[in-house]
Amino acid sequence: THYAITLHRSAIGLPDKTSRTLEALGIHRRMQTVYHRFSPDIAGKILAVKELVQVRNVPASAVRTPEEARNERRAVRGYEVV
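So the sequence shown is residues 74 to 155, counted in this note's numbering.
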């Protein structure tokens, strides 16, 4: 039900239209993953930058907000508050 879009190649040296398309998708840096619902306009944007991105279909349960992804990467505190 969602696209997981990951930027694998940089847009440096490519036309401004390509950079604006990536910005419209919400991608700012390499290896960043964003999630979008299936829609024709998102599919068109993906086709415009298909050489730069990797796209996977994921269920709605696998979609993570940026805050959830950050919390998964956060290290364990090392102590407990009692």
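Cβ coordinates follow ideal geometry from the N, Cα and C atoms, glycine included. This structure is a prediction, so every number in the text was calculated from the model and none was measured.
Local Cβ density within 10 Å of residue i, reported as buried at 16 or more and exposed below that
i: Tyr152; result: exposed
i: Leu98; result: buried
i: Ala148; result: exposed
i: Ala84; result: buried
Supposed contact pair residue j and residue i - C-beta distance, whole angstroms, cut 8 Å
i: Tyr30; j: Val128; result: The structure shown does not extend to residue 30, since the chain is modelled only from 74 through 155, so no value can be given for it.
i: Arg82; j: Glu124; result: 7 Å
Test item: CB-CB of residue i and residue j under 7 Å
i: Leu80; j: Val126; result: yes
i: His109; j: Ile115; result: yes
i: Ala142; j: Thr74; result: no
Run of the alpha helix (DSSP H) containing residue i, from where it starts to where it stops
i: Thr91; result: Asp89 to Leu98
Spatially closest choice to residue i from the options, by CA coordinates
i: Thr138; options: Val107, Ile78 and Arg103; result: Val107
i: Asn130; options: Arg146, Glu145, Ser112 and Asn144; result: Ser112
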